[in-house]
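Trainee: So the sequences go chain by chain: A and B.
For what it's worth, this note's numbering labels the leading residue of the first sequence as 907, then goes sequentially.
For what it's worth, this note's numbering labels the leading residue of the second sequence as 3, then goes sequentially.
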Amino acid sequence: MKTLDFREINGGLPFYMLLGFIGVFVLAGLGAAFYMEHNGHWVTGMSNQIIWGTPHVFAVFLIVAASGALNVASISSVFSKSAYKPLARFSGLLAIALLVGGLAVLVLDLGRPDRLIVAMTYYNFKSIFAWNIMLYTGFMAVVGVYIWMMMEQKMNRFTRLAGFSAFIWRLTLTTGTGSIFGFLVAREAYDAALLAPMFIIMSFSFGLAFFMLVLMALYKWSDRPLGDATVTRLKNLLGVFVAAVLYFVIVYHLTNLYITQRHGVERFLLMDGGIYTQLFWIVQIGLGSLVPLALLYHPSTGKSRGWIGIASLLILIGGLAQMYVIIIGGQAYPMELFPGKEVSSSFFDGVIASYTPSLPEIVLGFSGIAIALAATVVGVRVLRFLPVSLADEQVDPHYSADKKAAA
Amino acid sequence: MSSDSNIDLYRRRFLSGTATAAAGMAVVPGVMLHEIAQAKPAGDAVSSDVRWGMLIDSNKCAEGCNDCVQACNDEHGLRGFDRPATDAQWIRKVKLKDKQTGHTQTLPLLCQHCEKPPCVDVCPTGASFKREDGIVLVDKHICIGCRYCMMACPYKARSFIHETLQDQMPHAPRGKGTVESCTFCVHRVDDGRTPACVEACSAENHNAMIFGDLNDPYSEISTQLKQHNTRQIRADLALNTGVRYRGI
Chain A
907 MKTLDFREIN GGLPFYMLLG FIGVFVLAGL GAAFYMEHNG HWVTGMSNQI IWGTPHVFAV
967 FLIVAASGAL NVASISSVFS KSAYKPLARF SGLLAIALLV GGLAVLVLDL GRPDRLIVAM
1027 TYYNFKSIFA WNIMLYTGFM AVVGVYIWMM MEQKMNRFTR LAGFSAFIWR LTLTTGTGSI
1087 FGFLVAREAY DAALLAPMFI IMSFSFGLAF FMLVLMALYK WSDRPLGDAT VTRLKNLLGV
1147 FVAAVLYFVI VYHLTNLYIT QRHGVERFLL MDGGIYTQLF WIVQIGLGSL VPLALLYHPS
1207 TGKSRGWIGI ASLLILIGGL AQMYVIIIGG QAYPMELFPG KEVSSSFFDG VIASYTPSLP
1267 EIVLGFSGIA IALAATVVGV RVLRFLPVSL ADEQVDPHYS ADKKAAA
Chain B
3 MSSDSNIDLY RRRFLSGTAT AAAGMAVVPG VMLHEIAQAK PAGDAVSSDV RWGMLIDSNK
63 CAEGCNDCVQ ACNDEHGLRG FDRPATDAQW IRKVKLKDKQ TGHTQTLPLL CQHCEKPPCV
123 DVCPTGASFK REDGIVLVDK HICIGCRYCM MACPYKARSF IHETLQDQMP HAPRGKGTVE
183 SCTFCVHRVD DGRTPACVEA CSAENHNAMI FGDLNDPYSE ISTQLKQHNT RQIRADLALN
243 TGVRYRGI
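1) Tell me the residue span of the beta strand (DSSP E) that contains residue 93 of chain B.
2) With a cut-off of 8 Å, do at least 3 Cβ pairs link the region 1027-1041 of chain A to the region 125-133 of chain B?
3) On the DSSP bridge list, what partners appear for residue 86 of chain B?
4) Listing by chain order, which chain B residues have their CB less than 8 Å from the CB of residue 1168 of chain A?
5) By Cβ distance below 6 Å, which residues in the same chain neighbour residue 1003 of chain A in space, the five residues on each side in sequence not counted?
6) Starting from residue 55 of chain B, follow the beta strand (DSSP E) in both directions and report where the run begins and ends.
7) Under 8 Å between the Cβ atoms of residue 980 of chain A and residue 1109 of chain A?
8) Just checking, does the region 1213-1226 of chain A make contact with the region 1179-1196 of chain A on the three C-beta pairs under 8 Å criterion?
9) Taking Cβ positions only, does residue 137 of chain B come closer than 8 Å to chain A?
10) Considering only DSSP beta bridges, list what residue 245 of chain B is partnered with.
11) So which residues of chain B does residue 1085 of chain A contact, with C-beta pairs closer than 9 Å?
12) With a floor of 4 residues, list each alpha helix (DSSP H) that falls wholly inside the region 976-1050 of chain A, ordered by position along the chain.
13) Taking the DSSP output, what are the residues bridged to residue 1247 of chain A?
14) Taking only runs of the beta strand (DSSP E) that begin and end inside the region 113-144 of chain B, which ones reach a length of at least 3 residues, in chain order?
15) Report yes or no: is there a C-beta of chain A within less than 8 Å of the C-beta of residue 164 of chain B?
16) In chain order, what residues of the same chain have a beta carbon less than 8 Å from the beta carbon of residue 923 of chain A, not counting five sequence neighbours either side?
17) For residue 164 of chain B, does the count of other Cβ atoms within 10 angstroms reach 16, so buried, or fall short, so exposed?
18) I want to see whether chain A comes within less than 8 Å of residue 87 of chain B, judged by CB atoms only; does it?
19) Return the residue from the list B/101, B/104, B/157 that minimises the CA-CA distance to residue 1253 of chain A.
20) Name the chain A residues that come within less than 8 Å of residue 179 of chain B, Cβ to Cβ?
21) If we cut at 8 Å on Cβ distances, does residue 132 of chain B have a partner in chain A?
22) Exposed or buried, what is residue 37 of chain B when buried is set at 16 or more other beta-carbons lying within 10 Å of its beta-carbon?
23) In or out: residue 237 of chain B buried (at least 16 other Cβ within 10 Å) or exposed?
24) Using the beta-carbon of each residue, which ones in chain A are nearer than 9 Å to residue 145 of chain B?
25) Against chain A, with Cβ distances strictly below 8 Å, would residue 249 of chain B count as a contact?
26) Closer than 7 Å by C-beta to residue 1157 of chain A: which residues in its own chain qualify, once you throw out the five before and the five after it? Chain order, please.
27) Based on the DSSP secondary-structure assignment, which residues constitute the bridge partners of residue 211 of chain B?
28) Taking all protein chains shown into account, decide if residue 1061 of chain A is buried (16 or more other Cβ within 10 angstroms of its Cβ) or exposed.
29) Mind checking whether residue 57 of chain B and residue 195 of chain B have CB atoms under 8 Å apart?
30) Here's a check: name, in chain order, each residue in its chain whose Cβ is nearer than 6 Å to the Cβ of residue 154 of chain B, leaving out the five neighbours to either side.
31) So, for residue 1162 of chain A: in the same chain, excluding its five sequence neighbours on each side, which residues have a beta-carbon less than 6 Å away from its beta-carbon?
32) Can you tell me the Cβ-Cβ gap for residue 241 of chain B and residue 118 of chain B, rounded? I've got them flagged as a contact below 8 Å.
33) Who are the near neighbours of residue 78 of chain B in its chain, counting only those whose CB is closer than 7 Å to its CB and skipping five residues on each side?
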């Protein structure tokens, strides 16, 4: 393997046009947030029944994907796989960028985003949310140091230590994110320790899908070579992660199906839930899991960049659907306060809560993705995150030997 | 009305109230000793010697009667916007129908003022808090509107303020973008009075709601709790609610 040459991507008009294009989505999101805050949340689809809406779906999705995007770096530094080393810096950048995007949406959807400073200065240490605030800010600091260790030659000897710290931190972070829901005893769809490891494996899948899409797009856009060795390695790994998420989803539902008390919520999610049932079976399981698995491992589509890109995109769409079912479907099913009774009230007790995402919520959600992408392209423009070439002879340790043997 | 003038009004009422109370105590010592003994002097810290609680008898709760809800709305200036999904409700009448027998009953449901409130556990800033005397409140100054408390509350007792509010009650400050719920009429309780819902229920002679000190073995609520079988809603969560029910 040759010495890698990392370079910033080119600036100039095309770069600013790309940034401007992404910027439109960011501005639209800020506008949507201002509209919601100015009028109050009644202009959204949210209510006293569906407390966390579409912005939370995007925010949690991005935060989960963020820690997963760091995987490539972890495989390189923690598990010493040299083939992943050229991608490690970019993996760190994308992780921070996705986290910033997710947090921006989360903060802009608060009832009082102007009180962000309060969240930073008043802590209730029993709150999982408070732990997460520290885990998020800490993640950015730890990954920032990790990137520095990788980029500064004098510091290279600390890379493994920094990488190991970041790996532990990201596992803790996603445990925290999953536990936001897992520790909610009141609601039947949550209240499961399994949610923490499930969120971790979801992060592996969504994070890597994001990573592959952005990597392929950036290399195509900047006319840099990206060899099949790298893409094949990543897509095989992605397939394993998708299958692992499926496994956790099956175990989660089997557990609930066995517990009589939870038959109601399971019936709702899997059979009678309307949009939630459709999103679960068609988008999350079908389009988001089974189709990508087939595409990634089929002998012909598995070799095509185009199909691998489509598979990655489907995994992300399936991931958003999964978050929608977990977060909004989990709230839509009423809490059972009086077992054995039919309940009715003026406050929607005992009925399935209705929710329709409003345009501002959707725009704010997508702006989180835009913020992450903007941060990523600015990052690769100003610092040396991406190797000039990821052609096979650059990254594949066995390439020259194989070639020689073939010759 | 701006929030500043609200505060001023609040201060004026508070000061004049304190002055009146002091003058009254000086002029007529001994008069109405019972009520004054229950009231907490404004300067004193809230004490855990008291735990405020409520006993609701669903057998006495009249179907179709909404007086407790109306009294709460009037007391705290809760005016709806004809948008039931987002309008705040601190107390609501719930109708129960047994799935097997068809037996129906009604009861008011409000914040249960848990001894171990999940809303307080999950609040990142500590805005959700429990007073020493067991009343669970939201500090509107440090609530960031994350709504995690609403996700965590097993009783769906909390409301998020979805719009700008006008003409608020000085003793019940509220704010767009924050979460709120039943305060057990803390301003009345600290004044030695009972919550508005309880008063309204008694005024109708239904007497389905009793308010009092759970720590005082001689209070009416403690006596009733000792005499009758009562239940906590979702007792399985072991939250030790301050609100107990008879007849469910």
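Even glycine gets a Cβ: it sits at the ideal position worked out from N, Cα and C.
Mentor: Answer, in terms of the structure:
1) Run containing residue 93 of chain B: 93-100, per the beta strand (DSSP E) assignment.
2) Touching, yes.
3) Answer by DSSP bridge pairing: none, since residue 86 of chain B is not bridged.
4) Chain B residues near residue 1168 of chain A: none, gap ~14 Å exceeds 8 Å.
5) Same-chain partners within the cutoff: 1278, 1281, 1282.
6) Going by DSSP, residue 55 of chain B is part of the beta strand (DSSP E) stretching over 54-59.
7) No, the Cβ-Cβ distance between residue 980 of chain A and residue 1109 of chain A is not below 8 Å.
8) Short answer: they touch.
9) Residue contact with chain A for residue 137 of chain B: absent (no Cβ-Cβ distance below 8 Å to any residue of chain A).
10) In the DSSP assignment, residue 245 of chain B forms a beta bridge with B/56.
11) Counting only Cβ-Cβ distances below 9 Å, residue 1085 of chain A has no contacts in chain B at all, with the closest Cβ about 11 Å away.
12) Restricted to the region 976-1050 of chain A, the alpha helix (DSSP H) segments that are unbroken, complete and at least 4 residues in length are 977-983, 991-1014, 1022-1027, listed in chain order.
13) According to DSSP, residue 1247 of chain A bridges with B/100.
14) The region 113-144 of chain B contains these whole beta strand (DSSP E) runs: 130-132, 138-140.
15) For residue 164 of chain B, the nearest beta carbon of chain A is closer than 8 Å to its own beta carbon.
16) Annotation for residue 923 of chain A: no residue places its beta carbon closer than 8 Å to its own, counting only its chain and skipping 5 residues before and after.
17) So residue 164 of chain B counts as buried.
18) For residue 87 of chain B, the answer is yes, since a Cβ of chain A falls inside 8 Å of its Cβ.
19) If you compare the alpha carbons of B/101, B/104, B/157 with that of residue 1253 of chain A, the shortest gap goes to B/157.
20) Contact note: residue 179 of chain B reaches chain A through 943, 946, 947, 1016, 1017, 1018, using a C-beta cutoff of 8 Å and chain order.
21) No, no contact with chain A.
22) With a pLDDT of 43 at residue 37 of chain B, under the threshold of 50, the modelled position of that residue is not reliable, and the figure given next carries that caveat. With fewer than 16 Cβ atoms within 10 Å of its Cβ, residue 37 of chain B is classed as exposed.
23) Looking at its Cβ environment, which holds fewer than 16 other Cβ atoms inside 10 Å, residue 237 of chain B is exposed.
24) Residues of chain A whose Cβ lies closer than 9 Å to the Cβ of residue 145 of chain B are, in chain order, 1017, 1018, 1021, 1024.
25) It does not: the Cβ of residue 249 of chain B has no partner Cβ on chain A nearer than 8 Å.
26) Excluding positions up to five away in sequence, the list reads 1100.
27) Its beta-bridge partners are B/58.
28) Label assigned to residue 1061 of chain A: exposed.
29) No, they are not a contact pair.
30) So the list reads 120, 121, 124, once near-sequence residues are dropped.
31) Within the same chain, residue 1162 of chain A has close Cβ partners 1168, 1172.
32) Cβ atoms of residue 241 of chain B and residue 118 of chain B come within 8 Å of each other, at about 5 Å.
33) If you ignore the 5 residues before and after residue 78 of chain B, its C-beta comes within less than 7 Å of the C-beta of 92, 171, 174, all in its own chain and listed in chain order.
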